[in-house]
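Residue numbers (the numbering used here): 1316 to 1417.
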């Protein structure tokens, strides 16, 4: 996690990134946290880390808990699809034999 040292939030109060709820004051808090994330040069790395480590709470990479859940499900489908594709490719490679020329 070398990227953490470059994070725009490193000098911020960590409570900012863990809103009290999805509505009212929590929504405003989340928007303030996301504003910090929008200035961050390692936003992508932060989001990837949160998705890969299944962070369930807080603002990570400019995404709230609902957005992270959606991203996590998409990533899971992509990994599943990619692994299925690799399995098919391996099977086809194993079954394929070059044409015989006479």
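Where a beta carbon is used, it is the ideal one built from N, C-alpha and C, also for glycine.
Asked: Between residue 1361 and residue 1339, which are expected to be in contact by the criterion C-beta below 8 Å, what is the C-beta distance as a whole number of angstroms?; Found: That belief does not hold up - the Cβ atoms of residue 1361 and residue 1339 are roughly 26 Å apart, past 8 Å.
Asked: Thinking just about the alpha-carbon of each residue, which of 1394, 1359, 1383 and 1378 is nearest to the one in residue 1318?; Found: 1359
Asked: Spatial neighbours of residue 1332 within its chain, please: C-beta separation below 6 Å, excluding the five flanking residues on both sides.; Found: 1348, 1373 and 1374
Asked: By Cβ distance, which residues of its chain are closer than 7 Å to residue 1321, with the 5 residues on each side in sequence left out?; Found: 1356 and 1357
Asked: Judging by CA-CA distance, which residue of 1353, 1383 and 1352 is the nearest neighbour of residue 1366?; Found: 1383
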